[in-house]
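Chemist: A single structure is presented below for examination.
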Amino acid sequence: MNIMRQLTDEEIRVLEDRNCWAEDWTNVHVSDDFKPNYMHRVMLYGEISIGDFDKNIEVSRGFLKHSGINNATLRNVSIGDNCLIENIGGFINNYTIGDDCYISNVSAMETTDGATYGEGNLISVLNEVGDGNVILFSDLNSQFAAFMVKHFHDKSLKDAIRRLINEEIARNRHDQASIGNNVKIVNTKEITNTVIHDDCEINGAARLSDCTILSSPASNVYIGTGVICENSIISEGSSIINSVKMQDCFVGEACQISNGFTASSSVFFANSYMSNGEACAAFCGPFTASHHKSSLLIGGQFSFYNAGSATNFSNHAYKMGPMHYGILERGTKTASGAYVLMPANIGTFSVCFGKLMYHPDTRNLPFSYLIAYGDTMYLSPGRNITTVGLYRDIRKWPKRDVRPSGSQKSIVNFDWLSPFSVGEIVQGKKILEKLLDASGENVTSYTYHNYVINPSSLNKGIKYYDIALRIYMGAVLKRVVKSLGAVEPPTTTVGQGKWNDLSGLLLPESEEMRLLDDIKDGEIETIQNVLDRFEEINRNYREYQWAWTYQLILDYYHLTEITDADEARIREDYVHARRAWIAEIRKDAEKEYAMGDVEKHVLDDFIDNLDHEIDFEN
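Heads up, the sequence shown is in our numbering, so the first residue is 215 and it goes up one at a time.
Structure below.
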C-alpha cells in the first residue's frame with residue numbers, strides 16, 4: 215500500500231455527492247492516487263484506510279468491473295489497492311483487506327473481542343470424551359498431531375508442547391482478522407474472526423467463524439456453497455464444498471471435503487478425501503478416503519485408508535460413554551458394511567469384512583483379511599500381499615500426491631515394505647510357525663486372539679510373508695549396492711530396534727523417544743525445531759533403514775557378514791520372490807475377470823503392466 219494521507223475537501227465533496235458518509239472524515243485515510251469517483255453509497259465508521267482504484271477486477275470469466283467500493287458499510291477497515299467491494303448487506307467491521315480482492319454480496323464480516331482464528335483450539339481425537347489431545351495451529355502436520363496423540367498421557371511432555379505452541383501462536387497473533395491479496399469472497403453470508411490468506415476463493419459459504427485459511431498463490435483454497443466452518447484451520451490446496459459442516463477440525467494440505475460431509479473434533483491430512491459421510495474424533499492421516507453417505511469414521515486413527523460403504527466403528531462403552539478407540543494401521547481397508555468394535559488394532563495393509571467383534575488386535579499379522587461369518591471371526595494372514603488391490607494402491611498413492619513443492623508440511627513416506635511393515639511381517643511369520651509347531655499340521659483350524667485361521671490360510675500366510683521378506687531384503691540390498699558400489703556395513707546403529715509409523719513418517723522408535731526427551735528437557739525451543747527434527751529423521755531414513763535391514767539379513771540367512779556370494783544368493787532369492795509375487799497378483803486379476811467383474815481390455819492392460827515388472831529387477 216502507498217503512503218496514506220487524509221482526504222481533501224474536494225474529495226470529501228465528491229464522495230458526499232455519491233451518497234457516501236463518514237462518522238468523521240478526518241479518520242479516513244487514502245493513498246496519494248486515490249480516486250473518490252469509484253465509491254458510491256458507502257458509510258464509514260471509525261478508522262478507515264483505502265488504497266488506489268487503478269485497475270479492473272475480473273468478477274467472472276471475461277466480465278470486468280472497475281475497482282471501487284459500492285453499497286457498503288465499513289468500520290475500522292483497512293483496504294489495499296485495486297479492490298472491488300460491493301453490496302455488503304450488513305457491514306465489514308475490524309478487518310484488514312489486502313490488494314486485488316473482490317468482495318461482493320456478503321452479509322457481514324467482522325472481528326470480535328477474544329478472536330482466536332482457530333489457533334490454540336484444543337480438541338480430543340480418538341477418545342471422544344477425552345480431555346483434549348491435539349492443539350490446532352497453522353503449522354500442524356500429521357507427524358506432530360500423531361506425536362501429541364500417542365504421548366498424550368505423558369504430562370510433562372504435554373505441558374512442554376503446549377508451552378511451545380502457545381509461544382508460537384503469541385508470536386504470530388493478529389490484532390484483527392485479515393484478508394490476503396487476490397482473495398475472492400462472493401455470495402457469502404457471514405465471516406467472523408477468520409484470517410484468510412492469499413488467493414483464496416469463497417463462493418456461497420454460509421458461515422466461517424474463528425478460522426484460519428492458509429491459502430497461497432501456488433496452492434489456493436476453495437470454500438464453496440453452503441459450507442459452515444467453525445473453530446478450524448484449513449491448509450494450502452484444500453477445497454471444502456457443497457454444504458460441508460465442520461467444527462473444531464484441522465484440514466491439511468490438498469484435502470477435499472465435499473457433498474454434505476460433517477466433521478467435528480477431527481483432523482485430516484495430506485490428500486485425504488471425504489465426501490457424504492461423517493467423522494467424529496477421527497484422526498485421518500495422509501490419503502484417508504471416505505466416499506459414502508452411510509460411512510461413519512469415529513474414534514479411529516487411519517492413514518492410506520479407504521472406507522467402504524456403510525463402514526461403522528463402535529466406540530461406545532454403554533455405561534461410560536464413547537471412550538473407546540482403535541488404530542487401523544496404514545493401508546487398511548474396510549469393505550462395504552464393515553463394522554469394527556473398538557478398541558481394535560488392525561495390522562498394516564489389512565482388509566476388514568463384516569461385523570468384527572472381540573476387539574481384534576492383528577498388529578503382528580499384517581496384510582491380513584479379517585472376515586466375519588456370523589459369530590465366527592476368520593483371519594487369512596498375509597493374504598493382501600498378493601492382491602490386485604494392494605498392487606494398485608502402492609502405485610497410485612505417489613501419483614495422487616497433488617501438493618505442490620513448498621506446500622508439503624506433512625511428511626509422507628510411500629514405502630509399503632519398510633522396517634515398520636516388515637518388522638510386523640517378521641513377527642507374523644514367527645507367530646504362524648509357532649502355531650503350526652504347537653498344534654501340528656493335522657488340525658481343522660488354528661486360533662489367534664479368538665480369530666480362526668484355516669490350515670490352508672496359515673500355510674499360505676507363511677509363504678506370502680516369506681515372499682515379502684525376500685523382496686524387501688533384496689530391494690534394500692540392491693539400493694545400497696547401487697548407492698555405495700558394494701555391500702558396506704551400516705555406519706550407524708540408529709534404526710536397529712523397533713520402528714514406528716507417525717502418520718506417514720517411518721522412523722526408529724529410538725529417534726521418536728529422543729525427540730520426546732529433548733522436548734521435555736528443554737533442548738527443543740520452538741515449534742520449528744520440532745518440525746525440523748521430523749524432517750531430519752526423514753532425510754536419514756535410508757541410512758536408518760539399512761542399519762535395520764542389515765541385521766535382518768544377517769538373522770534371516772544366519773550370517774555374520776555379507777560376502778559377495780551371499781549378495782548373489784540374496785539377489786537370486788529377491789528375483790524368484792518378486793516373480794512369485796507377480797504371478798500371484800496375475801492369478802488374482804484373472805480370478806476377478808472370471809467372475810465377470812472387469813472388462814477384457816482392462817485385464818489385458820493390467821497384465822501388460824505386470825509383464826513389465828521384470829524391468830525393475832535390475
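Where a beta carbon is used, it is the ideal one built from N, C-alpha and C, also for glycine.
#1: Is asparagine 241 closer than 8 Å to phenylalanine 267 when the C-beta atoms are compared?
#2: Using only alpha-carbon positions, find the residue among Phe501, Val397, Gly303, Gln357 that is nearest to arginine 747.
#3: So, is tryptophan 235 buried or exposed, given that buried needs 16 or more other C-beta atoms within 10 angstroms?
#4: If you run the structure through DSSP and keep just helix, strand and coil, what is glycine 909?
#5: How is the beta strand (DSSP E) around leucine 258 delimited, first residue to last?
#6: Taking glycine 736 as the reference, give the member of Ser274, Gly596, His243, Lys372 with the closest Cα.
#7: Check whether chain D comes within 8 Å of isoleucine 447, counting only Cβ atoms and requiring the distance to be less than that.
#8: Determine the extent of the beta strand (DSSP E) in which proline 669 is found, giving its start and end residues.
#9: Identify whether leucine 190 lies in helix, strand or coil by the three-state DSSP scheme.
#10: Compute the Euclidean distance between the alpha carbons of isoleucine 226 and glycine 265, then round it to the nearest angstrom.
#11: If I measure Cβ to Cβ from methionine 218 and keep anything under 8 Å in the same chain, skipping five residues before and after, which residues do I get?
#12: Might you give, ordered along the chain, the residues of its own chain that have their beta carbon closer than 8 Å to the beta carbon of glycine 294, omitting 5 neighbours on each side?
#13: Quick one: using the 10 Å Cβ neighbour count with 16 as the cut-off for buried, is glutamate 444 buried or exposed?
#14: Where DSSP assigns a beta bridge to glutamine 622, which residues make up the other side?
#15: Out of Ile416, Met727, Asp345, state which residue places its alpha-carbon closest to the alpha-carbon of arginine 429.
#16: With distance defined between alpha-carbon atoms, name the residue in Ser624, Lys623, Asp231, Val640 nearest to leucine 631.
#17: Roughly how many angstroms separate the alpha carbons of lysine 403 and serine 318, rounded to a whole number?
#18: Straight-line CA distance for isoleucine 616 to aspartate 778?
#19: Excluding the five sequence neighbours on either side, which residues of its own chain have a C-beta within less than 6 Å of the C-beta of tyrosine 487, listed in chain order?
#20: Quick one: Cα of aspartate 223 to Cα of glutamate 324, how far?
#21: Where does tryptophan 630 fall in DSSP's three states?
#22: Nearest to isoleucine 784 by alpha carbon, out of Val744, Asn559, Arg684, Lys398?
#23: With DSSP collapsed to three states, give me the class of tyrosine 665.
#24: Exposed or buried, what is serine 274 when buried is set at 16 or more other beta-carbons lying within 10 Å of its beta-carbon?
#25: Give me the Cα-Cα distance between lysine 364 and aspartate 825, rounded to the nearest whole angstrom.
#26: So for tyrosine 587, helix, strand or coil by DSSP?
#27: Give me the residue from Val657, Ser659, Met809, His280 with the minimum Cα distance to asparagine 251.
#28: Have a look at glutamate 381 and asparagine 355 and give me their C-alpha separation to the nearest angstrom.
Modeler: This is what the structure holds:
#1: Judged by beta-carbon spacing, asparagine 241 lies beyond the 8 Å limit of phenylalanine 267, meaning their Cβ atoms are not closer than that value.
#2: Answer by Cα proximity: Gln357.
#3: When all chains shown are included, tryptophan 235 counts as exposed.
#4: Look at the range of the chain in this structure, 215 to 832, and you will see that residue 909 is not part of it.
#5: Membership of leucine 258 in the beta strand (DSSP E) is indicated by the continuous run 253-264.
#6: Relative to glycine 736, the option among Ser274, Gly596, His243, Lys372 whose CA is nearest is Lys372.
#7: Structure shown: chain D not included; a single protein chain is present.
#8: Taken as a continuous stretch (DSSP letters only), proline 669 belongs to no beta strand (DSSP E), being part of the alpha helix (DSSP H) at 669-698.
#9: Past the boundaries of the shown model lies residue 190; the chain is included only from 215 to 832, so the question cannot be answered.
#10: A direct Cα-to-Cα measurement between isoleucine 226 and glycine 265 gives close to 16 Å.
#11: Within the same chain, Cβ atoms closer than 8 Å to the Cβ of methionine 218 are found at His243, Val244, Ser245, Ser263, the five residues on either side in sequence being excluded.
#12: The beta carbon of glycine 294 lies closer than 8 Å to those of Met215, Gly265, Ile311, Gly312, Asp313, Asp314, Cys315, Asn395 in the same chain, with the five residues before and after it left out.
#13: Burial check for glutamate 444: the Cβ neighbour count within 10 Å reaches 16 or more, so the residue is buried.
#14: Under DSSP, glutamine 622 shares a beta bridge with no residue.
#15: Arginine is not the amino acid found at residue 429; the sequence shown has serine there. The shortest Cα separation from serine 429 among Ile416, Met727, Asp345 belongs to Ile416.
#16: Checking every option, the nearest Cα to that of leucine 631 belongs to Val640.
#17: Computed Cα separation, rounded: 10 Å.
#18: In the sequence on display, residue 616 carries valine and not isoleucine. For valine 616 and aspartate 778, the distance between alpha carbons rounds to 42 Å.
#19: Excluding sequence neighbours, tyrosine 487 sits near Gln470, Ala503.
#20: Each residue's Cα considered, the two are about 30 Å apart.
#21: Under the three-state reduction of DSSP, tryptophan 630 is assigned to coil, being neither helix nor strand.
#22: Closest option to isoleucine 784, judged by alpha-carbon separation, among Val744, Asn559, Arg684, Lys398: Arg684.
#23: DSSP places tyrosine 665 within a strand segment (E or B) once states are collapsed to three.
#24: The residue is exposed, with fewer than 16 neighbouring Cβ atoms inside 10 Å.
#25: Near 43 Å, if we compare the C-alpha coordinates of aspartate 825 and lysine 364.
#26: The three-state reading of DSSP puts tyrosine 587 in strand, counting E and B together.
#27: Cα-wise, what sits closest to asparagine 251 is His280.
#28: Those two C-alpha atoms are separated by around 17 Å.
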